[in-house]
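A.B. asks: Going left to right, the sequence shown walks through residues 67 to 228 as the working numbering numbers them.
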Amino acid sequence: MADVEAAKALSGLLNGVAQKEFYNNGDVTEALLKVELYPQLSEEDFTALHEKMRSLLKSIATADMDSAQLEAFLTAQTKKQVGGVTAEQAAALSRFWKSQRVRVRESLLAQSRWEPGLRGLSWRVDLQTAASRGGAAHSGPVALMELELGRAGQVSSTCPVK
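1) Taking the straight line between their C-alpha atoms, what separation do you get for L103 and S178?
2) Can you say whether G206 is buried or exposed, counting buried as having 16 or more other CB atoms within 10 angstroms of its CB?
3) Which residues in the same chain have their Cβ closer than 6 Å to the Cβ of Q85, if we skip the five residues on either side of it in sequence?
4) Do you know offhand how far R161's Cα is from A176's?
5) For Q135 and L122, I'd like the C-alpha separation in whole angstroms.
6) Candidates K124, L210, E172 and E110: which alpha carbon is nearest S188's?
7) Only counting the same chain, and skipping five residues up and downstream in sequence, which positions put a Cβ closer than 7 Å to that of M67?
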C-alpha cells in the first residue's frame, strides 16, 4: 500500500514539474507540491527530490528521447552510486514520459517559435509604360512585396514594402 502511495506522489510531482516547466502554469509552485504530495518530507529533502526530477525531466525532454533512449538513460541513472534514481523513480519517469512525450514536445516547440510569424507573402513587379513616365525621375521596374505577419490565433497585420 505504501508503494502505491509513493508511486502516486511521485507521479503527481512529475505532473506538477511538467505543468510548471513545460506548460507555464504559474499556479503550480514548489511549495504547493510539497504540501500536497510530500508533507512528511523535510524542506531540504523535498527540494533535493524536486530538483532531481526537474533536472531529469528537462534532460529527457530536451533530448526528445524515444523508448530505447529513455530506457538506456534511466538504466544509467539507476546504476549511479551518487545522485541516481531508484528503480521505482525510473519506472515512474518512464510511465510519465511515455504518456506525456507528445504533449511536452508540442509545448516546447510552441515556446521555441518566434512570434509574430510570417503567415503570407505576395509580390509583384510593376513596369511603367512610356505614356505614364511623363518625365519621372525613375523609369525602371518597381518591386512591391506584402508581408502578412501574425500570431497564432490572432488577426494578422499586413506590411507593404516597396
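Note that beta-carbon positions come from the ideal geometry of N, C-alpha and C, so glycine has one too.
C.D. replies: With the given structure in hand:
1) The alpha-carbon of L103 is positioned some 31 Å away from that of S178.
2) Label assigned to G206: exposed.
3) The residues are N91 and V94.
4) If you take the alpha carbons of R161 and A176, they lie about 24 Å apart.
5) Answer to the nearest angstrom: the Cα atoms are 13 Å apart.
6) Residue L210 is the option with its Cα nearest to S188.
7) At M67, the pLDDT of 46 sits below 50, so the modelled position is not reliable and the matter cannot be decided from this model.
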